[in-house]
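S.K.: Note that the protein sequences, when read in sequence, are chains F and C.
1 is the number of the first residue of the first sequence in the numbering used here; add one for each residue after it.
340 is the number of the first residue of the second sequence in the numbering used here; add one for each residue after it.
Yeah, the Cβ is synthetic: ideal placement off N, Cα and C, and Gly gets one too.
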Amino acid sequence: MTTKKDLAKKCIWIISILVFLLLLLFFVSLNMGLVKIAPNAVLQTLIGNGTERDKLVLLEFRLPRMVLAVMIGAGLAFSGSILQAVSKNELADPGIIGINAGAGFAVVLFLFIIQGSMSALAAINLWLLPLFSFLGAVLAAALIYMLAWKKGINPIRLVLVGIGINSGFAAAITIMQLKMNPQDFMKAAVWISGDIWGASWNFVLVILPWMLLLCIYALYKSHTLNQLSLGDQVAIGLGVHVERERLKVLFTAVALAGLCVSAGGGISFLGLVAPHIARKIMGPKHQYVLPVSALIGSFLLLLADTIGQNILAPTQISVGIVVAIISAPYFIYLLMKTN
Amino acid sequence: MSILSTEHLKIGYEEKIIVEDLSFTIQSGEITTIIGPNGCGKSTILKTLARIHKAKSGFVYLDGKAIHKIPTKQIAQKMAVLPQSPDAPAGLTVFDLISYGRSPHQKGFARLSDRDKEVIEWALKVTGLEELRDQDVDTLSGGQRQRAWIAMAIAQETELLLLDEPTTYLDMAHQLEILKLLKKLNEDENRTIVMVIHDLNHAARFSDRMIAMNKGRLMKEGTAEEVMTAEVLKNVFQIDAVVVTDPRTNKPVCLSYDLIEQEKDMNNKNGIVQEPVLV
Chain F
1 MTTKKDLAKK CIWIISILVF LLLLLFFVSL NMGLVKIAPN AVLQTLIGNG TERDKLVLLE
61 FRLPRMVLAV MIGAGLAFSG SILQAVSKNE LADPGIIGIN AGAGFAVVLF LFIIQGSMSA
121 LAAINLWLLP LFSFLGAVLA AALIYMLAWK KGINPIRLVL VGIGINSGFA AAITIMQLKM
181 NPQDFMKAAV WISGDIWGAS WNFVLVILPW MLLLCIYALY KSHTLNQLSL GDQVAIGLGV
241 HVERERLKVL FTAVALAGLC VSAGGGISFL GLVAPHIARK IMGPKHQYVL PVSALIGSFL
301 LLLADTIGQN ILAPTQISVG IVVAIISAPY FIYLLMKTN
Chain C
340 MSILSTEHLK IGYEEKIIVE DLSFTIQSGE ITTIIGPNGC GKSTILKTLA RIHKAKSGFV
400 YLDGKAIHKI PTKQIAQKMA VLPQSPDAPA GLTVFDLISY GRSPHQKGFA RLSDRDKEVI
460 EWALKVTGLE ELRDQDVDTL SGGQRQRAWI AMAIAQETEL LLLDEPTTYL DMAHQLEILK
520 LLKKLNEDEN RTIVMVIHDL NHAARFSDRM IAMNKGRLMK EGTAEEVMTA EVLKNVFQID
580 AVVVTDPRTN KPVCLSYDLI EQEKDMNNKN GIVQEPVLV
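Here it is, written out as structure tokens:
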């Protein structure tokens, strides 16, 4: 039992702890990888005294990748929190309900058809890629809305329709993959399961402003999310323009998922698990849930990426698979609880 | 004085018309209950009054202004709505739930002002929930939970309160407790209350005015004495009712009733029914 003031204090504590853990993980992760760099060398490099090799590995490869992991983790957590609030459904996650698959489909379509190859991202594509990904996410969201939402938001129906849409888009991607050369085929396969690719500062810079804008907007709407999670009728009674507000926050969630997919491929479950843990700690108010779940999402994704990069080194396991291995049991647990 | 009225309302879902042409007036400061058999459209009417459901044609007027022309937040400052069995997210405390009732009076980030806190404290007190303020709503008993939702609605500080079956799923004592609370709000705070209620005797006991509906048509409107008659109940519910006066409240009560058309259940014929469950 906590009063309001305690809750705000608790939130600050939790955030501080999570930020500390994230920084710690960040530092550990910087040391690890194909090329091991000692903590001291990492510090030296970060303050500008490193060797050329360390600089290249740390600043040009490892750091942007980790920054992307943190951004994607936060973005997926925001997206999942919003979807769960709006659908009043604990099982909603942009990966599970097929939004990520829609975005993935659009990305593969874009890279394969328009560019003709899954590799080599040209500068202009860094801008077009997230846009395509976003459009794919919107397409999937529209399909889900038409098939699952209108007849009342039944949690199980939403998940079932999502699984259907997921496999539909997966099939479409497979068809495209069949036309690819072996190298592109592999690349697409890895990416679909979730892979932080094209990690470069340029890509970070392309995505970061949008990500920040959307997250700040979602935070600004946290009270609306609270009201919407009481159900449509209560929200209308409280003077919320339900249709309009729901569309706004859904758009935010879908756009965030689209951005995350363009950078990290099809990472599932993270948008489900992170908000869940956040709600377990902070209760259902979105002022607290959103930032805490974002930090949890960042931490988990960075952890998963670090594990995936190192555990079977030199073979890399794609981050999405590691996330799924960590979080799928939690999803099954939730599914059983819902029934 | 009229606070809420309807004019030639036609309500339905897609092709199905539920209410053909409905006009009535709710008087300020009164408790009005809408009664009628299942599927007669009472909940739909309440939802239309609450702007949750859009009418096919006709008008709802709030303070003489067409409701669809008033900004929804402005309506929420005049009229609070409590739908049937609402559902709170897991882990939401009573205090936080009630604080959401303040949102029509807030802007942006919804920080609670001193005035907001005052009102929330008052709502906690009136509904007897002070002790439970930090409890999660989903851990409360049915009666407590309903009180918490009513506390949220009254924290909205509106003249008008619309409630859809506020006593469903509650036992007899808790039903009475909720209705007495509403009556007290009506008397002490002069709140106008419109509610849908299933229990005829409760409706008669607590309302100034009753509106009896059947098949989307208004069958009878008036005081409890005018509406709770054997004849009206026969027309509205197809029951043969024995209506007497409650010696405690001096209000009409339906003491016993039977079905008019089919009398299959011979054992229960003329049996005294304390809590009329309307078929």
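Measuring straight from C-alpha to C-alpha, what distance separates C/V618 and C/L385?
M.R.: Here the model assigns C/V618 a pLDDT of 45, short of 50, so the residue's position is not dependable, and the following value carries that caveat. So the alpha carbons of these two residues sit roughly 21 angstroms apart.
S.K.: Report the three-state DSSP secondary structure of C/D400 (helix, strand or coil).
M.R.: For the sequence presented, residue 400 of chain C should be read as Tyr rather than Asp. Note: C/Y400 maps to strand in three-state DSSP.
S.K.: What residue from F/V289, F/I163 and F/I296 has the CA that sits closest to F/I17's CA?
M.R.: Selected option, being the one with the closest Cα: F/I296.
S.K.: Could you check which residue in C/V571, C/P443, C/L572 and C/E564 has the C-alpha nearest to that of C/T584?
M.R.: Closest by alpha carbon: C/E564.
S.K.: So, F/S318 versus F/V190, is the Cβ gap smaller than 8 angstroms?
M.R.: Yes.
S.K.: So who's on the other strand from C/I578, going by DSSP bridges?
M.R.: Looking at the DSSP assignment, C/I578 forms a beta bridge with C/L598.
S.K.: Just to confirm, is the Cβ distance from F/I173 to F/V161 under 8 angstroms?
M.R.: Against a cut-off of 8 angstroms, the Cβ pair of F/V161 and F/I173 comes out as no contact.
S.K.: Leaving out five residues on either side along the sequence, give the residues of the same chain with a beta carbon under 8 angstroms from the beta carbon of F/K285.
M.R.: The residues are L7, S222 and N226.
S.K.: CA-CA distance, C/L479 and C/L521?
M.R.: C-alpha separation (whole angstroms): 20 angstroms.
S.K.: Could you check the C-alpha separation between F/V28 and F/S193 for me, to the nearest Å?
M.R.: Taking the straight line joining both Cα atoms gives about 25 angstroms.
S.K.: Checking contacts by CB at 8 angstroms: is F/P284 closer than that to chain C?
M.R.: Judged by the 8 angstroms Cβ criterion, F/P284 is in contact with chain C.
S.K.: Hey, could you find the ends of the alpha helix (DSSP H) F/L276 is sitting in?
M.R.: Leu is not the amino acid found at residue 276 of chain F; the sequence shown has His there. Element bounds for F/H276: L270 to M282.
S.K.: With 16 other CB atoms within 10 Å as the buried threshold, where does F/F20 fall?
M.R.: Exposed, since its Cβ has fewer than 16 Cβ neighbours within 10 Å.
S.K.: At which residue ranges does the stretch 93 to 117 of chain F contain complete alpha helix (DSSP H) runs of 4 or more residues, listed in the order of the chain?
M.R.: 99 to 109, all fully within the stretch 93 to 117 of chain F.
S.K.: Mapping the DSSP letters down to three states, classify C/R530 as helix, strand or coil.
M.R.: It is coil, neither helix nor strand.
S.K.: If we call anything under 8 angstroms between Cβ atoms a contact, is F/G258 one with F/D93?
M.R.: No, these two residues do not count as a Cβ contact at 8 angstroms.
S.K.: Got a sec? Which residues, its chain only, sit under 8 angstroms from C/K381 by beta carbon, not counting five neighbours each side?
M.R.: Closer than 8 angstroms at Cβ, skipping near neighbours: I373, I374, G375, V535 and M552.
S.K.: Which of helix, strand or coil does DSSP assign to C/C379?
M.R.: Three-state DSSP puts C/C379 in coil, outside helix and strand.
S.K.: If we ignore side chains and look at the alpha-carbon of each, how far apart do C/T411 and C/G440 end up?
M.R.: So the two alpha carbons sit approximately 14 angstroms from each other.
S.K.: What does F/R279 touch in chain C if you count any residue whose Cβ is under 9 angstroms from its own?
M.R.: Those are P428, A429 and G430, listed as they occur along chain C.
S.K.: Is the Cβ-Cβ distance between C/A543 and C/A494 less than 8 angstroms?
M.R.: No, the pair does not count as a contact, with Cβ atoms beyond the cut-off.
S.K.: Is it buried or exposed for F/I82, if we count other Cβ within 10 angstroms and need 16 for buried?
M.R.: Its Cβ being crowded by 16 or more others within 10 Å, F/I82 is buried.
S.K.: Verify the CB distance criterion: does C/R390 have a CB-CB separation below 8 angstroms to chain F?
M.R.: Output row for C/R390: interface = yes.
S.K.: For chain F, find out if any of its Cβ atoms is closer than 8 angstroms to the Cβ of C/P505; answer yes or no.
M.R.: It does not; no Cβ of chain F falls within 8 angstroms.
S.K.: So, helix, strand or coil for C/E460, using DSSP?
M.R.: Looking at C/E460 - three-state DSSP - the assignment turns out to be helix.
S.K.: How many angstroms separate the CA atom of F/S327 from the CA atom of F/G136?
M.R.: Straight-line Cα distance between these residues: approximately 25 angstroms.
S.K.: Would C/L471 and C/V420 qualify as a contact pair, given that the criterion is a beta-carbon distance under 8 angstroms?
M.R.: No, the Cβ-Cβ distance between C/L471 and C/V420 is not below 8 angstroms.
S.K.: Do three or more CB pairs link the stretch 577 to 594 of chain C to the stretch 401 to 417 of chain C at distances below 8 angstroms?
M.R.: In short, these stretches do not touch, since the Cβ pair count stays below three.
S.K.: Please check the pair F/I207 and F/A263, which I expect to be a contact at CB under 8 angstroms, by giving their CB distance rounded to whole angstroms.
M.R.: With 8 angstroms as the limit, F/I207 and F/A263 qualify as a contact, their Cβ atoms being about 6 angstroms apart.
S.K.: Quick one: does F/A8 have its CB under 8 angstroms from some CB of chain C?
M.R.: Not closer than 8 angstroms to any Cβ of chain C, the Cβ of F/A8 fails to qualify, so no.
S.K.: Mind listing the chain F neighbours of C/V420? Cutoff is C-beta to C-beta under 9 angstroms, in chain order.
M.R.: Going along chain F in sequence order, the residues near C/V420 (Cβ under 9 angstroms) are Q233, V234, I236, G237 and L238.
S.K.: Report yes if the CB atom of F/R62 is closer than 8 angstroms to the CB atom of F/L23, and no otherwise.
M.R.: Cβ atoms of F/R62 and F/L23: not closer than 8 angstroms.
S.K.: So, for C/Q613: in the same chain, excluding its five sequence neighbours on each side, which residues have a beta-carbon less than 6 angstroms away from its beta-carbon?
M.R.: The pLDDT assigned to C/Q613 is 48, lower than 50, so where the model puts this residue is not dependable, and the model offers no usable value.
S.K.: Relative to the C-alpha of F/S13, which residue among F/L312, F/V292 and F/I321 is closest?
M.R.: Note that residue 13 of chain F is Trp in the sequence shown, not Ser. Of the candidates F/L312, F/V292 and F/I321, the one whose C-alpha sits nearest the C-alpha of F/W13 is F/V292.
S.K.: Might you give, ordered along the chain, the residues of its own chain that have their beta carbon closer than 8 angstroms to the beta carbon of F/L302, omitting 5 neighbours on each side?
M.R.: So the list reads L22, L25, F26, S29, M66, A69, V70 and G73, once near-sequence residues are dropped.
S.K.: Residues in its own chain within less than 7 angstroms of C/C379 by CB, not counting five upstream and five downstream?
M.R.: Result list for C/C379: M552, N553, K554 and G555, in chain order.
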